[in-house]
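J.: Numbering (the working numbering), first residue to last: 104 to 175.
By construction, the Cβ of each residue, glycine as well, lies at the ideal position given by its N, Cα and C atoms.
Here the structure is a predicted model, which is why all the values come from computation and not from measurement.
Sharing a structure here in structure tokens format.
Structure representation (structure tokens):
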């Protein structure tokens, strides 16, 4: 049954974790990982952990520590 001419079956790649949404607890601004913020230099698909630590909310200037993950 070990035919050297056959290609072994490979498992499909693991599914990527779903994108999350983060909300500023001060003003309600929403950061969506799937959308990113291209106008601010953050491309679509950028995870919250990869947003620079010195990034601030474009609405109220709150820091990343003032955002929490929400379910939409």
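1) Can you tell me the Cα-Cα spacing of residue 146 and residue 153, whole angstroms?
2) The beta strand (DSSP E) that contains residue 171, what's its start and end?
3) Based on the DSSP output, what are the partners of residue 133 in its beta bridges?
4) Taking DSSP as the reference, what is the three-state secondary structure of residue 139?
5) Just the C-alpha distance for residue 123 and residue 136, rounded to the nearest angstrom, thanks.
T.: Checking against the coordinates, here is how it stands:
1) The alpha-carbon atoms of residue 146 and residue 153 are separated by roughly 11 Å.
2) For residue 171, the uninterrupted beta strand (DSSP E) run begins and ends at 170-173, by DSSP.
3) Answer by DSSP bridge pairing, in chain order: 126.
4) In the structure shown, residue 139 adopts coil according to DSSP, grouped into three states.
5) So the alpha carbons of these two residues sit roughly 6 Å apart.
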